[in-house]
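Take 3 as the starting number for the sequence shown in this note's numbering and just add one per residue.
Where is the CB? At the ideal position from N, CA and C, for every residue including glycine.
Structure first, then comments.
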Amino acid sequence: MALKRSSLENYVLLMLYVDSMSFTKFKPKTFLKKIRPFCKTEHLGFKILHIRIRGSNLGISIDIQKDCFVVRQNHALHEFIFYCDSCKVLLKKLLKHNLLIP
3 MALKRSSLEN YVLLMLYVDS MSFTKFKPKT FLKKIRPFCK TEHLGFKILH IRIRGSNLGI
63 SIDIQKDCFV VRQNHALHEF IFYCDSCKVL LKKLLKHNLL IP
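Here it is as structure tokens:
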């Protein structure tokens, strides 16, 4: 595999990785470690996560609430609310709704 991957390659690798992931309780630090090879991430005290596929200009912001995750697309007015407690479930929902688009 090339040293510089396109955003589409990172997207596909992330989907393959999610399929192989086991169910783990959501912890922001663990979540960031798992997706860091494929996504560029920033975090503000683990209350808001800013994520984008490496090589892509668009991204999402995940606001960590007590009982759900509020996902906002950057540069858009869309807001999604997901109720889940697993890293794998959250990533699958993000990919299913095409929120991590290369």
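Legend entry - Neighbourhood of THR26 by C-beta, 8 Å cutoff - its chain only, sequence neighbours within 5 removed: THR32, SER88, CYS89 and LYS90
Inset, instruction - Determine the DSSP secondary structure at ASP21, reduced to helix, strand or coil. - result: helix
Inset, instruction - Tell me where the beta strand (DSSP E) around THR43 begins and ends. - result: 41–46
Legend entry - PHE33, enclosing alpha helix (DSSP H) - first and last residue: 30–37
Legend entry - Cβ contact check for the segment 5–23 and the segment 63–78: 3 or more pairs under 8 Å: Cβ pair count under 8 Å is below three, so no.
Inset, instruction - Would you give the residue range spanned by the alpha helix (DSSP H) that LEU97 belongs to? - result: 89–98
Legend entry - Terminal residues of the beta strand (DSSP E) in which HIS52 lies: Unbroken beta strand (DSSP E) run through HIS52: 50–55.
Inset, instruction - Starting from the Cα of PRO29, find the closest Cα among LEU101, LYS49 and LEU79 and give me that residue. - result: The sequence shown places Lys at residue 29, not Pro. Nearest to LYS29 by alpha-carbon distance, out of LEU101, LYS49 and LEU79, is LYS49.
Inset, instruction - Could you check which residue in LEU93, CYS86, LEU92 and HIS99 has the C-alpha nearest to that of HIS80? - result: HIS99
Inset, instruction - Rounded to whole angstroms, what's the CA-CA distance from GLY61 to SER22? Just pull it up for me. - result: 23 Å
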